[in-house]
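Q: Numbered per the numbering used here, the sequence shown spans residues 37 to 915.
Virtual Cβ for every residue (Gly too), placed ideally from N, Cα, C.
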Amino acid sequence: MTSRPQPEAYCQADPVFYDSGTRHSPDDASVFDLTSVPAPDGWRRSERGVWVVHTPQSYRMPQQGWKIHVSGLPDNARQVIGLCWDYCVAQGLPFKFLRSRNVVTTHSLKYAPRSASGKIVTVYPRDERQLREAAEALAELLDGIPGPYILTDLRWGEGPVHIRYGGFVDRYCTGADGAPVHAVERPDGTLVPDDRRPVFTVPDWVEPPDFLTPHLDARRAAGAGQDFPYRVESALHFSNGGGVYRARHHDGRSAVLKEARPHAGFDGRGLDAVTRLEREHASLKSLAGIPGVPELYGYHRVWEHHFLAVQHMPGDTLQTWVARHYPLTKADPSEEQLAAYARRAEVITDRVTQLIEAVHARGFVFGDLHPSNILVDDQDQVSLVDFELSVPTAQAERLGLGNPGFSGTNLTGPDIDRYALAALRVWLLLPLTALAELDPGRTASCADLAERRFGLAPGSLDAARRTLTPGADRLAKVPASLRRPAAVLLDIPEPDWTAVRKSLASAILLSAAPERDDRLFPGDVRQFHTNGSNFAHGAAGVLWALQTTGAGRYPEHEDWLIRSVRDDRALAPGFFDGAHGIAFVLDRFGHRDEALRMMDGAGSAVAGMDDISLYRGLAGIGLNLLDFAVRTGSADHQRRALDVGERLADAVERGVAANVAAAPGHGSRAGLLHGWSGVALYFLRLHGVTGDAAHLDLAVRALHRDIDLCVESPDGSLQVDGGFRTLPYLAVGSAGIAVVAAEALDHRADERLAGSLPALLRAARPEFTIEPHLFAGRAGLLAVLGAVSGRHPDVGPYVEQHLSRLHWHALSYEGQLAFPGEQMRRLSMDLATGNAGMLLALSAAVDGRRDFLPFLAPDAGSVRTAHPKAPDSRETSGT
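Spelled out as C-alpha cells, the structure:
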C-alpha cells in the first residue's frame, strides 16, 4: 500500500471535492500570455495536462537523454518562461512550460510533491554538445533570477538552471510492485524505471559529460567543512519546504532539527520555508523559559539550507494520545470509563490553555494550535511544537497555513488561539472538527453530542459552543451545493433505508463529470496518482457499486470507462488499483472484448510481481482470473489462475510477503486487502473450483499468518498491530481478517480460527471511528458485521449501533446525502472512501449481503468446475 499523498494540494481547486491542484479552467485569469500564443512558424504546439509543449515540426525527439529544467517562483515565472521561449525558438530547441501562475503556485506549496517542485520550463537538447550550449546560455540569461533547487536534478552553477538524465517521451516498464512506471532504455534495449525520487541520480550505464564535473564536485562539496554540530539519526517528516529530523549534538544531547529550503514550501500568503523558519527562530527566542516551550539550541546554515535546532520534548502528539486512550473506539466502554476520560481530557485542555496564555502574556500568538502540534507525556503534562506561525500579537492574522478544523475566519490576535482551544476542547470528546471545512457549524453541534455521550452537565461546553458557532460571513462562503439540507434524514430513530440509499446514489450521479478525461466521479486524491478509472477510487468501482446495490446501469458512464482505459499504457495490473478490477467490471457489464484486452495486456506485469495482496497483487489478480474461468469456461484463464496460485502457495509456505510488512515501527498491513487474508480468500475460491482439501489448508494457514500480526487490545478485541496504534478496519485490520475467517470456518474446523473470530469481530464494535468510509472507517466495520450477522446473530446490536451513528459524518450535496472522504476535507463518491462504499456497506447491513466486495461470496457457478469448456477464440495464451 503506497503512502497517501498529502491532501493540501488537492484542496486548492475545488471547495467540495478533492481535485488536482494543477487542473486548469478556461477562465483562469492567471494563465500566462504565452500559453495562448500560436506556435511560431515551423513549430507545432500541443498541451499535456498543465504543460504547453512547443516542438519544431522537423524535429525528431530523442527517446531519452540529458534534459534541462529551469526553476522559478510564482512572481517571476512569466519572465522565466519568456526568456526561455526566446532562446529555445531561436535555437530550434523543443521545450515545454507550465501554463499559469496558479499552477506554478500549486507546485510550490509546502505539501506539493517534492519531485516536481520548482520546475517551470523543460528543455530537450538533442545531444551533449547542445546540452552544454543551452545550459551555458540559459544560465547567463537567467543569472540573478531566483528559483528553488530542484531536488531530482544537478544544479548548473548557482542559478535556476538544472540538469537531469531521463526519458523525453512516455515509455513504461513494470516497477517493483508490478505497476507501470516511466522508463528509460538500457544499452541492451531493456526498459528500466526512470528514477524520479527527490534526489539526483544517474543511470549506471550513463557517464556524465566532462563539462558537468565542476557542478558535480560543487554538489558533493556542498556543506563540507562547515561546522555543523549535529548528527542526524532519523527523519521524522518531509515536506516540500524541507525535513524534520531527530538528531544528536556532538556533546550527546538529543535535539530536533527543522530544515528549510529557500524559495520552496510556500504557504497561502506566499512565504517560503526559510521565512517561516526565521520567524520560528525569533519566536522561540522571545518565548524562552516558558515551561512547555522547546528550548532553542541554535540556528545553522549548511550550504543553502537553513536548520533550526530545538529541544526534543517528551511525549506523543495529542493525536496519538487520543488514538490510544479514546474510549468510544473501544468495545463496550463503561460509563465510568467515559467519565474518567472526560476528566482527563479536561485536565489536558486546561494545561494547553495555561500554556497558550503564557505565550500570549509574552506578546505572541501561537497561530497553529491543533493536536499534532501538542505533545502529551506520561503524566499528561503538555508542550507545544512547531512555532513557524507564531508571531507578535500585533502581526497575528490568519497566517497562510493552519489546520482547517482548528482555524476560524476573520480572526486576529489571541482570538486565533482561542478559537483553536475551543475546537480542541470539543475535539478531545468527539474528534470530528475536520468536518468544519465542509460544514462550518459541525464543531459546535458536536459539542451537543459530546455533552450527552460523556454525561457532562448540560451547558458544560457553552463557552466553546459560542466561540465555534459560525457567523453569517462564514456561512455565506459555504458552496451552494453544500447549503441545502439533505431531504432524507439519518438522525431519527428509524431512517427509511431505501430512501437513504436512493439519496446516496443520487449524489453520486449528480457529481459525475463525463466531460472530463481524467476522472468521471470525484473521489480520493489517490485517483490523481493512479487513474480515475480503477476499482478502489475510480469509475469502475462506483459503477459496480451502483449496479450491485440496485441503483441501476448507466451506459453513458460505461462508455466513459471504456474510452478512458483504451489507450492507457500506465495502468497497474492489480484488481483494486488497475487493469484487472476494471476488466472485472467491464465483463460484468457485457464488454468482454475490452475486458479480455485489459487482462491479457497486464500479463507481462503479473509475471514479475511479488506483491501478494488482494488490492494490487497476486491474490486479486488470481481471483479475477479464476472467476473469469469459472464463468466462461476458459481453460487458459484457469491455467493462469492456477499459476498464480502456485506462487501464492509458495508465499504462504515461506511466510514471506514484502507488502505485508510495513516500515520499522509502523506495524503491519495485515487484513483483507493488503495482508494474508486476501490470499486466504483466493484459496477458498480455488477450493470451490477444485474441491482440493489442500487449498483449504492453505487458506487456513494464510489466515493464521494474519492473526500472527495481531495483538490483544485492553478491551478484549484482537486487532492488527499498526505500530503506534491498533487497527480494526476492513482494508488493513481485524475486520477484514474476520470476514474471511468466518467463511473458512464454514468449510474447515480450526481451533485457532474459532477461538480468534469472536475477538476479531469484537474489534468491529466501536461506537466511534474517525472516518466514515469502507476501507478504513465505520462503513467497513458495519459491512463486516452485517455480512456475518446471519451466522453470528450476537453482532446484531452493533450493526444497529453503527447505523444509528452514520449521521455523525453525514453531509449534504445538492440536497442528497453525501459523506466526506479520507481526512474529511472534501466529499468523496468512490468505493474506497465515499458514497459508493457507503452503499455497499448498507447492502450488507440492511440486506445481509455477503458480497459487498467482489469474491467475498462464492459465485453460484463456482462449485467444482473441474472440466471447463474450450476457451473462447478471442482469448490469448499470455500470462
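1. Determine whether the beta carbon atoms of Leu190 and Ile199 lie at a separation below 7 Å.
2. Can you have a look at Pro802 and say buried or exposed, based on whether 16 or more other CB atoms are within 10 angstroms of its CB?
3. Just to confirm the assignment: which complete beta strand (DSSP E) runs, minimum length 3, are found wholly within the stretch 370-428?
4. List, from N- to C-terminal side, the beta strand (DSSP E) runs of 3 residues or more that fit wholly inside the stretch 133-219.
5. Beta carbon of Val401, beta carbon of Ala430: below 7 Å?
6. Are the Cβ atoms of Val715 and Leu684 separated by less than 7 Å?
7. Between the C-alpha atoms of Leu526 and Gly769, what's the straight-line distance to the nearest angstrom?
8. Taking all protein chains shown into account, do 16 or more other C-beta atoms lie within 10 angstroms of the C-beta of Ser319, making it buried, or fewer, making it exposed?
9. Helix, strand or coil for Gly491 per DSSP?
10. Taking all protein chains shown into account, decide if Arg690 is buried (16 or more other Cβ within 10 angstroms of its Cβ) or exposed.
11. Here's a check: name, in chain order, each residue in its chain whose Cβ is nearer than 8 Å to the Cβ of Pro700, leaving out the five neighbours to either side.
12. Give the DSSP-derived three-state secondary structure of Lys916 in the structure shown.
13. Buried or exposed: which applies to Leu272, given that a residue is buried once 16 or more other Cβ atoms fall within 10 Å of its Cβ?
14. Give me the Cα-Cα distance between Arg562 and Ser542, rounded to the nearest whole angstrom.
15. Mind checking which residues open and close the alpha helix (DSSP H) that includes Asp595?
16. Nearest by alpha-carbon distance to Pro450: which of Glu473, Glu393, Arg312, Val197 is it?
17. Rounded to a whole number of angstroms, what is the C-alpha to C-alpha distance between Asp303 and Leu332?
18. If I measure Cβ to Cβ from Tyr160 and keep anything under 6 Å in the same chain, skipping five residues before and after, which residues do I get?
19. Once DSSP output is grouped into helix, strand and coil, what is the label at Arg652?
20. Under the DSSP definition of a beta bridge, which residues are partnered with Ser496?
21. Start and end of the beta strand (DSSP E) containing His285?
22. Which residues in the same chain have their Cβ closer than 6 Å to the Cβ of Arg312, if we skip the five residues on either side of it in sequence?
23. What span of residues does the beta strand (DSSP E) with Val346 cover, start to end?
24. I believe Pro506 touches Ser848 by the beta-carbon criterion, under 8 Å. Please report the beta-carbon distance rounded to the nearest angstrom.
25. Quick check on the DSSP output: the alpha helix (DSSP H) that includes Trp533 runs from which residue to which?
26. Taking buried to mean at least 16 other C-beta atoms within 10 Å of its own C-beta, is Phe53 buried or exposed?
27. If you check the beta carbons only, do Pro764 and Ala800 fall under 7 Å apart?
28. How is the alpha helix (DSSP H) around Pro250 delimited, first residue to last?
29. Let me check one thing: in DSSP terms, what residues is Pro92 bridge-paired to?
30. Starting from the C-beta of Ala893, find all residues in its chain whose C-beta is less than 7 Å away, skip the five residues before and the five after it, and write them out in chain order.
31. Please classify Glu13 as buried or exposed, where buried requires at least 16 neighbouring CB atoms within 10 angstroms.
32. Please report the residue range of the alpha helix (DSSP H) in which Pro794 lies.
33. Evaluate the contact criterion for the stretch 395-409 versus the stretch 347-366: three or more CB pairs, one atom per stretch, below 8 Å.
34. Using 8 Å as the threshold, is the stretch 72-79 in touch with the stretch 100-114, meaning 3 or more CB pairs across them?
35. Which residue's Cα is closest to the Cα of Asn276: Val268, Val235, Phe247?
36. Three-state secondary structure (DSSP) at Ser56?
A: Short version:
1. yes
2. buried
3. 410-412, 418-420
4. As far as the stretch 133-219 is concerned, its whole beta strand (DSSP E) runs of at least 3 residues are 155-159, 197-203, 208-210.
5. no
6. yes
7. 27 Å
8. Classified as buried, Ser319 has 16 or more neighbouring CB atoms from the shown chains inside 10 Å of its CB.
9. coil
10. exposed
11. Note that Pro700 scores a pLDDT of 45, beneath 50, so its modelled location is shaky and nothing firm can be said.
12. In this structure the chain extends from 37 to 915, so residue 916 is not present and cannot be described.
13. So Leu272 ends up on the exposed side.
14. Roughly 23 Å separates the two Cα atoms.
15. 591-602
16. Glu393
17. C-alpha separation (whole angstroms): 24 Å.
18. Lys103, Pro130, Phe204
19. coil
20. BP columns for Ser496 are empty, so no partner.
21. 278-285
22. Glu424
23. 341-347
24. With a Cβ gap of about 16 Å, Pro506 and Ser848 do not count as contacting.
25. First-last of the alpha helix (DSSP H) with Trp533: 533-547.
26. Buried, because 16 or more other Cβ atoms sit within 10 Å of the Cβ of Phe53.
27. yes
28. 249-257
29. Trp79
30. If we look at Ala893 and ignore the five residues flanking it on each side, its Cβ neighbours are Arg886, Asp887.
31. With the chain covering 37 to 915 only, the question about residue 13 has no answer from this structure.
32. 787-798
33. yes
34. no
35. Val235
36. coil
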